[in-house]
Structures are given as C-alpha cells and as structure tokens.
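> Structure in structure tokens, see below.
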Amino acid sequence: MNRFRLAGACAIALACVAPAAHAQRPVKVFISVDMEGIGGVVTAEQLGPTGFEYARFREFMTAEALAAIDGARQAGATQFVIADSHGNEQNLLIEKFPSDVTIIRGSPRPLGMMEGIDSTFSAAFFIGYHSATTNSHGVRAHTISSATLASIRINGRPTAESGMNATIAGYFGVPVALISGDADAVGELKALVPTAEGAVVKRAISFHAAATIPPAASQELIRTRAKAAIEGLKSMKPFVVPAPIQLELTYKNYTPAEMMAYLPGVERVDSHTIRYTGRNIIDVSKFMGFAMGYRADLTP
3 MNRFRLAGAC
13 AIALACVAPA
23 AHAQRPVKVF
33 ISVDMEGIGG
43 VVTAEQLGPT
53 GFEYARFREF
63 MTAEALAAID
73 GARQAGATQF
83 VIADSHGNEQ
93 NLLIEKFPSD
103 VTIIRGSPRP
113 LGMMEGIDST
123 FSAAFFIGYH
133 SATTNSHGVR
143 AHTISSATLA
153 SIRINGRPTA
163 ESGMNATIAG
173 YFGVPVALIS
183 GDADAVGELK
193 ALVPTAEGAV
203 VKRAISFHAA
213 ATIPPAASQE
223 LIRTRAKAAI
233 EGLKSMKPFV
243 VPAPIQLELT
253 YKNYTPAEMM
263 AYLPGVERVD
273 SHTIRYTGRN
283 IIDVSKFMGF
293 AMGYRADLTP
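According to our numbering, the sequence shown is numbered sequentially starting from 3.
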C-alpha cells in the first residue's frame, strides 16, 4: 500500500471512530415524587385513599411528574426513573407515563424515596416536596412521619426529607437540580443546594392552608424549571456529606426511643431521642427504613 492509499485509509478509519469517541453520556434524570408539595394540597383529604379529593390529586401529582419529564426532555434529557415516594408509594397513575420511563413503587425499599438512583444519573429532581417537621411554617410540614417523629438530625443539623435525599444523591455523585413544593420546602433545599432550580407552587398560610396557583400553572412552572435545571447542569455540584454520618431521631413518645436503644450501636440520647452512626448515608437510609417500618407482625 503506497503512502497516499495508507493516508486515505487512516482518514476513513478515524472518521468512523470519531463519533463513538465523542459520544455523550446519556442524560439520565431520577425523579422522586411526594404529594404534600403538589399544587393545591393542604389537608389529608387530598393525600390518601379515604380522602374525598385523593383521586383528583393523584391526577395532579402524576401531571406534575410528567411536566418535569417534559421540561427535562426539551433540554436534552434522555432517560428517566420515577420513584413514587408518598404514603403507600402507589399513587402515580402509571398508565399515563411514556413507555420508556421506569417507575419505582411499593415498599419496603433500602433507599426509600431515592430507590433506583445510582452513579449513572446526571441529575435528581424532587417533585411535590414539603418542609421539615422542625419548620413552623410549611404546609403539612413533617419529616418521614408526622405522627411519629418530632425531629430528624443529620450530623447535628435538623434535616428535611429533601436534605436526607440530597445526601443520598450526593453519595452517588448526583446533583439535585430541581425541587417543587411550597416556598418553605424550596427554601430548605436551596439553603443546602443554592444552584438547584425551585418551582414554588404554593405559599403556606398555616399547616393546613395555602395560597396556591392552579394545576395548569403549577405544571407549566415545573416544566419551565425542569428545562432550566438540565440546561444548567454544568454549574451544579452534588451535595456531599462526609462519612461517617450520625443520625438522631426524636420520637413524639417515650417507648419507641426506649425499644430502639435495645439495638447494638444505638444510643439513647434522652427520653425521646436515639442516635445511630452509619458508615455512610446508605447505612443510615436502611436504618431509617427499619426504624419506621419494622413490626413483629409483618406479613408475608
């Protein structure tokens, strides 16, 4: 082969290889969807199967998740995993989702509201989130269980579900790029992750009252912010909490704290509070799942 033919062959080979060498990583988005922060939600009437508005608000919850998907797609996102993260974790109307979306539903699951996330994702979205049980202003403000817990602290800091879930995302190197909910929920996350986009769909008047925008406006706002979140990914960094991680749970009653302190590695800090130290946030998430879900009569 003469040098001209050799050069031509090399050029053709490089042209064939170049697209693969420069192929971009798929933009995968993990979306955790709660319900208390959905536009219009103010009481239990919207939040569970016995509520007279639950069926309608499942529609709105699903529509807000779909709006987040739509906005992210407009900015180039290609893959989605959606975690149904409210109540019995069987709220989203799965038939309404595109065929290429994966939906996580049901419990128990080791990562709770973040089950399904891993290091292959480019971003995490929190849709329909609420503020922490230590927040005196948010609509339906609680952390994990309003009936059971008075406080959750991570490394001594009062923590909302958004903060715990941002820590799980950070463990996998995934930035939280968007949160929707009331103004207090959005503010709590942005205090930890200032670069995250926020979609405020309502403002708290009291625990059971809010000034809200209509569903169509909520969905359009989320769609717009989701698009902006993916477009701004280069400026976003994961929220990383150094290990080991100390978890403190303050119960509203004495007996849970007393019983949990029977477990090796669990310290009873005071009459209502226990402390557990995990090697990382994954250990802490599994411990939380046990603490909130275990009963001796579990079946099957």
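We put the beta carbon where it would ideally sit given N, CA and C, even for glycine.
State the DSSP-derived secondary structure class of S220, mapped to helix, strand or coil.
Note: S220 maps to helix in three-state DSSP.
> Provide the residue span of the alpha helix (DSSP H) that contains S164, from first to last.
Its alpha helix (DSSP H) spans residues 163-173.
> Using three-state DSSP, classify T257 as helix, strand or coil.
Residue state, collapsed to three classes: helix.
> Assuming A206 and A212 make a contact with CB atoms under 8 Å, what is their CB distance in whole Å?
Rounded, the Cβ-Cβ distance is 6 Å, consistent with contact.
> Using three-state DSSP, classify I283 as helix, strand or coil.
Note: I283 maps to helix in three-state DSSP.
> Are the beta-carbon atoms belonging to A79 and A126 less than 7 Å from one another?
For A79 and A126, no; Cβs fall outside 7 Å.
> Report the option in S164, T197, G114, Y173 whose CA atom is closest to the CA atom of G130.
Of the listed residues, the one whose Cα sits closest to G130 is S164.
> Beta-carbon separation of A85 and G39 under 7 Å?
Their beta carbons are not under 7 Å apart, which means A85 does not touch G39 by this criterion.
> I need the boundaries of the beta strand (DSSP E) containing T104, first residue and last residue.
Segment 103-106, the beta strand (DSSP E) holding T104.
> Nearest CA to the CA of I156: which residue from Q221, Y256, R225, F289?
Of the listed residues, the one whose Cα sits closest to I156 is F289.
> By the three-class DSSP mapping on this structure, what secondary structure does S208 have?
In this structure, S208 counts as strand in the three-state DSSP scheme.
> Would you give the residue range spanned by the beta strand (DSSP E) that F82 belongs to?
Taken as a continuous stretch (DSSP letters only), the beta strand (DSSP E) holding F82 covers 81-86.
> Thinking C-alpha only, which one of Q26, I33, P28 is nearest I224?
The candidate whose alpha carbon is nearest that of I224 is I33.
> Starting from D184, trace the alpha helix (DSSP H) in both directions and tell me its first and last residue.
First-last for D184: 178-184, but that is the beta strand (DSSP E), not the alpha helix (DSSP H).
> Of all the options H210, A168, A74, T45, which has the alpha carbon lying nearest to the alpha carbon of P28?
That would be A74, whose Cα lies nearest to the Cα of P28.
> Measure the C-alpha to C-alpha separation of N255 and V178 and round it to an integer number of angstroms.
C-alpha separation (whole angstroms): 34 Å.
> Going by C-alpha distance, which of T169, G175, S147, D102 is nearest S121?
Among T169, G175, S147, D102, the Cα nearest to that of S121 is on G175.
> When we look at the beta-carbon of G295 and count the other beta-carbons within 10 Å, is it buried (16 or more) or exposed?
Classification of G295: exposed, given that the 10 Å Cβ count is below 16.
> Indicate the three-state DSSP secondary structure (helix, strand or coil) for F59 in the structure shown.
Three-state DSSP puts F59 in a helix.
> Of the residues D184, A293, A69, E269, which one's Cα is nearest the Cα of G140?
Checking every option, the nearest Cα to that of G140 belongs to D184.
> So for L151, helix, strand or coil by DSSP?
Reduced to three states, the DSSP call for L151 is strand.
> Thinking C-alpha only, which one of Y253, V242, E222, E47 is nearest H144?
For the residues Y253, V242, E222, E47, the minimum Cα distance to H144 belongs to Y253.
> Relative to the C-alpha of L251, which residue among E233, N167, T279 is closest?
Of the listed residues, the one whose Cα sits closest to L251 is T279.
> Using only alpha-carbon positions, find the residue among S153, G189, P216 that is nearest to R277.
Per the Cα distances, S153.
> Where in the segment 106-131 do unbroken runs of the beta strand (DSSP E), each at least 3 residues long, occur, reported from the N-terminal end onward?
Taking only runs of at least 3 residues, the beta strand (DSSP E) segments lying wholly in the segment 106-131 are 125-131.
> Can the beta-carbon of G53 be found less than 7 Å from the beta-carbon of E47?
Cβ atoms of G53 and E47: closer than 7 Å.
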